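A short worksheet on the structure shown next.
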Amino acid sequence: MKKVIQSMFCLLLLTSSMLTAQNSSDKKGMSIDKQLVFVLNDTNINEIQSTYTVDITDLGFKSSEDLNDFCTIFSFDFHQLKGDFASKKIIMTLDKKSLIDRKFTLLQVNEHFSSISKRMRYTYNFTKQK
Numbered sequence: 347m348k349k350v351i352q353s354m355f356c357l358l359l360l361t362s363s364m365l366t367a368q369n370s371s372d373k374k375g376m377s378i379d380k381q382l383v384f385v386l387n388d389t390n391i392n393e394i395q396s397t398y399t400v401d402i403t404d405l406g407f408k409s410s411e412d413l414n415d416f417c418t419i420f421s422f423d424f425h426q427l428k429g430d431f432a433s434k435k436i437i438m439t440l441d442k443k444s445l446i447d448r449k450f451t452l453l454q455v456n457e458h459f460s461s462i463s464k465r466m467r468y469t470y471n472f473t474k475q476k
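Numbered as in this note's numbering, the sequence shown ends at 476 without a single skipped number.
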């Protein structure tokens, strides 16, 4: 009886870990966290889209002007941001050809987004204090 219970427990653990792995791999697209780190959830650079829409409802920009200023400041190199204040979204356009030509990996793109997040938070917090 003890072996049956142990076997069932092991099977349950194995099944739950497989479901977790499957769910995390099903996540595609782009997300942003409260630390203003954009994350591409695709599996490799060839799978990325040219445009992503990210919900920013939780960020709470005060005005369309603040959101547009923020997007203008952080539109450079291989990504452009455009804010939609009414729907609380940011549309990010990526220059996929440039990324592939420059041999960027998905990890490098995500590291770039992580590296600019501190400046993004500073700018965001500054606009909230106006």
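Note that beta-carbon positions come from the ideal geometry of N, C-alpha and C, so glycine has one too. Owing to the predicted nature of the structure, the values given are computational and were not obtained by experimental measurement.
| task | Output the residue ranges of the beta strand (DSSP E) runs that lie fully inside the region 428-456 and measure 3 residues or longer, sorted by chain position. | result | Correct list: 435-440.
| DSSP-derived helix/strand/coil call for residue 361 | Low per-residue confidence applies at residue 361: pLDDT is 35, beneath 50, and the placement is therefore not dependable, though the value from the model is reported in the following sentence. Correct three-state label for residue 361: helix.
| Going by other Cβ atoms of all chains shown within 10 Å of its Cβ, with 16 needed for buried, is residue 470 buried or exposed? | Classified as buried, residue 470 has 16 or more neighbouring CB atoms from the shown chains inside 10 Å of its CB.
| message | Considering Cα atoms alone, identify which of 447, 443 and 376 is closest to residue 401. | response | Nearest in C-alpha terms to residue 401, of all of 447, 443 and 376, is 376.
| message | Helix, strand or coil for residue 370? Go by DSSP, reduced to three states. | response | Because the pLDDT of residue 370 is 33, which lies under 50, any placement of that residue in the model is unreliable, and the number read from its coordinates should be weighed accordingly. Reduced to three states, the DSSP call for residue 370 is helix.
| query | Nearest CA to the CA of residue 451: which residue from 433, 382, 410 and 392? | reply | Ranking 433, 382, 410 and 392 by Cα distance to residue 451 puts 392 first.
| Should residue 376 be listed as close to the ligand PLP, given that the test is whether its C-beta is under 7 Å from any heavy atom? | Absence of the ligand PLP from the depicted structure is noted, as is the absence of any ligand whatsoever, leaving it without description.
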